[in-house]
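Trainee:
Residue numbers (UniProt numbering): 1 to 88.
Encoded structure:
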């Protein structure tokens, strides 16, 4: 697993940094990843192509069976079961 740091606007460490310092840091990061692309170590080469996973805050949490309404599939199965029980 490779960890590649990502600077964000919300990062407090870089919120008050001088633009020149941020530019130097960006240049150093670019040089590192340019060199890492041709490094003999496979782990360093893999860090160049790393893509972060998609954000997980869009994934719906598992529903609470006691208070959440059933989804469409569960409702359809329940209605079919009710129909079958009335014909038996």
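The beta carbon of each residue, even a glycine, is placed where N, CA and C say it ideally should be.
What are the start and end residues of the alpha helix (DSSP H) that includes residue 72?
Mentor: Taken as a continuous stretch (DSSP letters only), the alpha helix (DSSP H) holding residue 72 covers 72-87.
Trainee: What separation, rounded to the nearest whole angstrom, lies between the Cα atoms of residue 39 and residue 45?
Mentor: 6 Å
Trainee: If you follow the alpha helix (DSSP H) that residue 34 is in, where does it begin and where does it stop?
Mentor: 19-36
Trainee: Express the C-alpha separation of residue 47 and residue 73 in angstroms, rounding to a whole number.
Mentor: 42 Å
Trainee: Just to confirm, are residue 78 and residue 69 a CB contact at a threshold of 8 Å?
Mentor: no
Trainee: Do you know offhand how far residue 50's Cα is from residue 31's?
Mentor: 16 Å
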